[in-house]
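Undergrad: Terminal number for the sequence shown in this note's numbering: 397, no gaps in between.
First, the structure itself, so that you have it in front of you.
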Amino acid sequence: MMRRVWIVVLWLCAASVSACAQPAAAPAASLAGTRWLGVVDASVDSRSTPWLEFLAEGRVSGFTGCNLLNGGWKSEGGQVRIGALAMTKRACLGPAGDIERRVLASLNDQARVNREGAKLVMVGPSGERFEFTEAASTPR
Numbered sequence: 258m259m260r261r262v263w264i265v266v267l268w269l270c271a272a273s274v275s276a277c278a279q280p281a282a283a284p285a286a287s288l289a290g291t292r293w294l295g296v297v298d299a300s301v302d303s304r305s306t307p308w309l310e311f312l313a314e315g316r317v318s319g320f321t322g323c324n325l326l327n328g329g330w331k332s333e334g335g336q337v338r339i340g341a342l343a344m345t346k347r348a349c350l351g352p353a354g355d356i357e358r359r360v361l362a363s364l365n366d367q368a369r370v371n372r373e374g375a376k377l378v379m380v381g382p383s384g385e386r387f388e389f390t391e392a393a394s395t396p397r
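Here you go:
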C-alpha cells in the first residue's frame, strides 16, 4: 500500500515538472514603445504618410496624413483599445484629406486593433480598415 502511495506521489511530481516544461502560450507582444507607418499608395507624397507611436505610459500620438493626434490606449484581455483622440484642426484637401478620412474611420474608440503578421491593422465599427507597418526605429 505504501509503495502505491509513493508511486502516485512520484507520478504526480513528474507530471507537474513536465507541465512546467511545456511552453506557455506567448502573450501578445505589447505595442508600448513601438512606432508604425501607414500603408499608402506609393504615388502619395511621403509627407502625407500617417504614423502612430504607442508610448509606454498608455499614450498614443500620431499623424493622420493631415493632422496631429494624441490620446490614450490600453490593452484589455489581449485586445488593444484606443481611447478618445484629440487632434489639430487643419483642413486638408486632395490625397492628404482622403488618407485622413480613411485613418479616422478605422481609428477610434470602437476600433479593433490587431497584429496580422508584420502589420498593425485598425478596423472600424463598420469594417473600415487601415494598415500600418512597424517603423525601423523610433526617433527620439
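From the three backbone atoms N, C-alpha and C, an ideal C-beta is built for every residue, glycine too.
No experiment lies behind these values; they were computed from the predicted model shown.
1) By Cβ distance below 7 Å, which residues in the same chain neighbour Ile339 in space, the five residues on each side in sequence not counted?
2) Secondary structure at Gly381, three-state DSSP: helix, strand or coil?
3) State the Cα-Cα distance for the pair Pro398 and Glu388, rounded to the nearest angstrom.
4) Out of Ser287, Val296, Gly295 and Asp355, which has the shortest C-alpha to C-alpha gap to Gly335?
5) Is the Cβ-Cβ distance between Ala362 and Leu294 less than 9 Å?
6) From Trp308 to Cys349, what distance separates their C-alpha atoms?
7) Below 8 Å CB to CB, which residues in the same chain sit around Arg386 once its five sequence neighbours on both sides are set aside?
8) Using the Cα positions of Ile356 and Glu314, report the straight-line distance between them to the nearest angstrom.
9) Rounded to whole angstroms, what is the Cα-Cα separation between Leu326 and Val360?
10) According to DSSP, is Leu294 part of a helix, a strand, or is it coil?
11) For Arg292 versus Cys323, is the C-beta distance shorter than 9 Å?
12) Rounded to the nearest angstrom, what separates Val337 and Lys376 at their Cα positions?
13) Does DSSP classify Gly354 as helix, strand or coil?
14) Hey, how far is the Cα of Phe320 from the Cα of Gly354?
TA: So, to answer that:
1) Taken in chain order, the residues that qualify are Val317, Gly328, Trp330, Leu364, Asn365, Asp366, Ala368 and Val370.
2) Correct three-state label for Gly381: coil.
3) For the chain, the structure presents residues 258 to 397; residue 398 sits outside this window and is missing.
4) In terms of Cα proximity to Gly335, the closest of Ser287, Val296, Gly295 and Asp355 is Ser287.
5) Between Ala362 and Leu294, the C-beta spacing is not below 9 Å.
6) Their Cα atoms are separated by approximately 17 Å.
7) Closer than 8 Å at Cβ, skipping near neighbours: Ser363, Val378, Met379 and Val380.
8) When rounded, the distance between both Cα atoms is 28 Å.
9) Roughly 11 Å separates the two Cα atoms.
10) Residue state, collapsed to three classes: strand.
11) Contact check for Arg292 against Cys323 fails: the beta carbons are separated by 9 Å or more.
12) Taken atom to atom, the span from the alpha-carbon of Val337 to that of Lys376 is near 14 Å.
13) Residue state, collapsed to three classes: helix.
14) Computed Cα separation, rounded: 12 Å.
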